[in-house]
Amino acid sequence: MRSALPVLYQPYPHFMNFLAHLLLSGSPAATPHYDDIVVGNFAAEAVRGRAGLLAYPEPVQRGIRLHRFIDSFTDTHPVVRRTTARLREAGLGKWAGVVADMGYDHLLARDFTHHHPAEPLPDFAQRQYALLHARRHEIPERLQPLLHHMRQGDWLSGYAHPTGLEQALQGLSRRVPAGAIMATGAAAFLAELPAYEADFAEFWPQLRMGVEGSITEFLKEVG
Numbered sequence: 215m216r217s218a219l220p221v222l223y224q225p226y227p228h229f230m231n232f233l234a235h236l237l238l239s240g241s242p243a244a245t246p247h248y249d250d251i252v253v254g255n256f257a258a259e260a261v262r263g264r265a266g267l268l269a270y271p272e273p274v275q276r277g278i279r280l281h282r283f284i285d286s287f288t289d290t291h292p293v294v295r296r297t298t299a300r301l302r303e304a305g306l307g308k309w310a311g312v313v314a315d316m317g318y319d320h321l322l323a324r325d326f327t328h329h330h331p332a333e334p335l336p337d338f339a340q341r342q343y344a345l346l347h348a349r350r351h352e353i354p355e356r357l358q359p360l361l362h363h364m365r366q367g368d369w370l371s372g373y374a375h376p377t378g379l380e381q382a383l384q385g386l387s388r389r390v391p392a393g394a395i396m397a398t399g400a401a402a403f404l405a406e407l408p409a410y411e412a413d414f415a416e417f418w419p420q421l422r423m424g425v426e427g428s429i430t431e432f433l434k435e436v437g
């Protein structure tokens, strides 16, 4: 999902659903140019418009387009809108979408073996960090601090624990204007956890099918 954070305040730790994006990049064995797609999918957070896209080699462009597809699919999905509306009603206002993103990544991480039985979350996370670190020269400058701290703090694995979600939102709340309400985001999400679990259980398979069903077409498109 696209962040509600002003560009000036991006990136900040934990505000996006990085785990979902990276998992949806495919697999080394089955996805052509997998490493390039992972790099593009991560770099896309700081790539703007067609000019930004075309500054990258075509294999990396695939990852950027994949990221944009995931964002568009997520932002327009009725289940995600339902989650966001519920969080907005819980008092999170314009930050509801950020909390929804992070809450969904918490559920994905918590039940990672169910969604990705081929690999435990800690192994997956370390593989992603190693790949992105090795290709860090291709990552936009303003994402470099985020990549460093993500790797050092093992954010992807940290999402699996409610305390990780709480700490992430509390940290973010101190870094953005009028963000104090986000400090209550984890409590709001966990207070109605069964409802959000049901939302995620409905949404995630549809997102995966959307990516898999459209991957040939949208990875070939330019722009």
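Read in order, the letters of the sequence shown are residues 215 to 437 in this note's numbering.
Glycine included, C-beta positions come from ideal geometry on N, C-alpha and C.
Is H362 helix, strand or coil by DSSP?
helix
Check your understanding: Taking Q358 as the reference, which of L238, E259 and I395 has the closest Cα?
Key -> E259
(Q) Under DSSP, the alpha helix (DSSP H) around I284 begins and ends at which residues? (A) E272 to D289
Nonlocal neighbours in the same chain, by C-beta distance under 6 Å from P273, ignoring five residues either side:
H247 and D250
Fill in: Inter-stretch contact (C-beta, 8 Å, three-pair minimum) for the segment 304 to 311 and the segment 323 to 337
no
If you draw a straight line from the alpha carbon of I353 to that of A269, how long is it in whole angstroms?
-> 12 Å
**Message:** Within 8 Å, do at least three Cβ pairs link the segment 294 to 302 to the segment 407 to 418?
**Reply:** yes
* Asked: Could you give the distance in angstroms between the alpha-carbon of D315 and the alpha-carbon of Q384?
  -> 15 Å
- Which listed residue (L404, P391 and Q381) has its alpha carbon closest to that of A397: Q381
Let's test the definition: count the other Cβ atoms within 10 Å of the Cβ of L222 and tell me whether it reaches 16, buried, or not, exposed. Interpretation of L222 is limited by its pLDDT of 30, a score under 50 that renders its predicted location unreliable; the figure taken from the coordinates is listed afterwards. That one is exposed.
Item to check | Span separating the alpha-carbon of F229 from that of D319 | outcome: Here the model assigns F229 a pLDDT of 44, short of 50, so the residue's position is not dependable, and the following value carries that caveat. Cα-Cα distance, rounded: 10 Å.
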